[in-house]
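Undergrad:
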Ligand SMILES: [Zn+2]
């Protein structure tokens, strides 16, 4: 064939003249190649734009995720700090209670020296959580010990004669005195409180009634055992309101003021005994926080 060139003819619709270009094969090939390159180029641009936006979307997603993780981490950090603060308070409160309970030394469970040079943040966090958990466990144990000690102390306080059994006038103290009936010098094992007959006589501490009957010179008498070797005795009663074996609380009436037994007038004879030995009840009354 040997065709060397083509002719391109523009045919305008108006009355203008034709336009003709002569294009060689070579020029056509260049034009075709150019178009092909343009096409490939635009395809590549489109593709890279799409992939780029996917990357950007992915990046955005990761960034948002990271932000929320950081927030979660932050509030987690705050919670741990709150917990540590609360534990600090509980521990110091427990130490105060331990002092009240009379406990000499306490294990607080505070572990020291966690953390090292090559610990990751995760290790440090785990270490703090472990420490919190350990302190919490130790605190539970300590609180049980302190609670038991406080219970025991409360029992002991309730069982300690600390109040006056009846309102009245102290007419005779504890110790050696001139016996009001025989006139001889003798040991007075308690105190005498003169008051109106029939007034209720109140137990001065929690305990169990061990005697509720006439006892020689004491007349109608009630003995209350409080444990810890302590016994209180109430004598010269006009009537007895309790029975042996009965539990009484501090302030419970055990009988009424009278003048039974070896007595010269209406009064209560009140004794406190430690391990069987009569002691001055005034010592106990003086220790009373609120008569
Ligand atoms: Zn007496």
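In my numbering, the protein residues as written are 92 to 382. Positions of the beta carbon are idealized from the N, C-alpha and C atoms, including for glycine. Computed from a predicted model, the values in this text were never measured in an experiment.
For residue 362 and residue 376, I'd like the C-alpha separation in whole angstroms.
TA: The sequence position of residue 362 within the chain shown is 271, counting from 1. The sequence position of residue 376 within the chain shown is 285, counting from 1. One C-alpha to the other measures close to 12 Å.
Undergrad: Determine the DSSP secondary structure at residue 364, reduced to helix, strand or coil.
TA: The residue given as residue 364 occupies position 273 in the chain shown. In the structure shown, residue 364 falls within a strand segment according to DSSP collapsed to helix, strand and coil.
Undergrad: Hey, how far is the Cα of residue 187 from the Cα of residue 227?
TA: If you number the chain shown from 1, residue 187 lands on position 96. If you number the chain shown from 1, residue 227 lands on position 136. Spanning the two alpha carbons is a distance of roughly 17 Å.
Undergrad: For residue 356, which option in 284, 301, 148 and 255 has the closest C-alpha, if you only look at C-alpha atoms?
TA: As a first step, residue 356 is located in the chain shown; it is residue number 265 there, counting from the start. Among 284, 301, 148 and 255, the Cα nearest to that of residue 356 belongs to 284.
Undergrad: Quick check: what's the CA-CA separation for residue 272 versus residue 248?
TA: For this step, residue 272 is matched to residue 181 along the chain shown. For this step, residue 248 is matched to residue 157 along the chain shown. Near 37 Å, if we compare the C-alpha coordinates of residue 248 and residue 272.
Undergrad: Starting from the C-beta of residue 204, find all residues in its chain whose C-beta is less than 6 Å away, skip the five residues before and the five after it, and write them out in chain order.
TA: Taking the chain shown and counting its residues from 1, one reaches residue 204 at position 113. Reliability fails at residue 204, whose pLDDT of 49 lies under 50, so the model's placement of it is uncertain and the value that follows must be treated cautiously. Answer for residue 204: no residue qualifies.
Undergrad: Where does residue 379 land, buried or exposed, given buried means 16+ other C-beta within 10 angstroms?
TA: By one-based count along the chain shown, residue 379 stands at place 288. Residue confidence for residue 379 is low, a pLDDT of 44 falling below 50, so the modelled location carries little weight; the figure read from the coordinates is stated next. Residue 379 is exposed by the Cβ-count criterion.
Undergrad: Would you say residue 283 touches ligand 1, meaning its beta carbon is less than 8 Å from a heavy atom?
TA: Position 192 of the chain shown, counted from the first residue, corresponds to residue 283. Yes, Cβ of residue 283 sits closer than 8 Å to a heavy atom of ligand 1.
Undergrad: Run through DSSP, which three-state label would residue 195 get?
TA: Counting from 1 along the chain shown, the entry for residue 195 is found at position 104. Coil at residue 195, not helix or strand.
Undergrad: Is the beta carbon of residue 300 less than 9 Å from the beta carbon of residue 348?
TA: Working through the chain shown from its first residue, we reach residue 300 at position 209. Working through the chain shown from its first residue, we reach residue 348 at position 257. Cβ distance not < 9 Å, so residue 300 and residue 348 don't count as in contact.
Undergrad: Is the region 228-244 close to the region 178-193, with three or more CB pairs under 8 Å?
TA: Flag = yes, the region 228-244 and the region 178-193 touch.
Undergrad: Tell me whether residue 109 sits in a helix, a strand or coil according to DSSP, three-state version.
TA: If you number the chain shown from 1, residue 109 lands on position 18. DSSP places residue 109 in the coil class of the three-state scheme, outside both helix and strand.
Undergrad: In its own chain, which residues sit with a C-beta less than 7 Å from the C-beta of residue 335, not counting the 5 before and 5 after it?
TA: Within the chain shown, numbered from 1, the residue matching residue 335 stands at position 244. Only 300, 301, 302 and 303 meet the Cβ criterion.
Undergrad: What are the partner residues of residue 344, as DSSP defines its beta bridges?
TA: Here the question's residue 344 lines up with position 253 in the chain shown. DSSP, once it has assigned bridges, lists 293 as partnering residue 344.
Undergrad: What is the rounded straight-line gap between the Cα of residue 287 and the Cα of residue 179?
TA: Position 196 of the chain shown, counted from the start, is the residue given in the question as residue 287. Position 88 of the chain shown, counted from the start, is the residue given in the question as residue 179. Going by the C-alpha atoms only, they are around 57 Å apart.
Undergrad: Residue 339: which of 353, 328, 279 and 318 sits nearest, CA to CA?
TA: The sequence position of residue 339 within the chain shown is 248, counting from 1. Of the candidates 353, 328, 279 and 318, the one whose C-alpha sits nearest the C-alpha of residue 339 is 318.
Undergrad: Please look up how many angstroms separate the CB atoms of residue 374 and residue 281, rounded, as I've assumed it's under 8 Å.
TA: Looking up residue 374 in the chain shown gives position 283. Looking up residue 281 in the chain shown gives position 190. About 12 Å; that fails the 8 Å criterion.
Undergrad: List the endpoints of the continuous beta strand (DSSP E) containing residue 304.
TA: Taking the first residue of the chain shown as 1, we reach residue 304 at position 213. That run of the beta strand (DSSP E) goes 298-305.
Undergrad: When DSSP builds the beta bridges, which residues end up paired with residue 370?
TA: By one-based count along the chain shown, residue 370 stands at place 279. The partner list for residue 370 (beta bridge, DSSP) reads 363.
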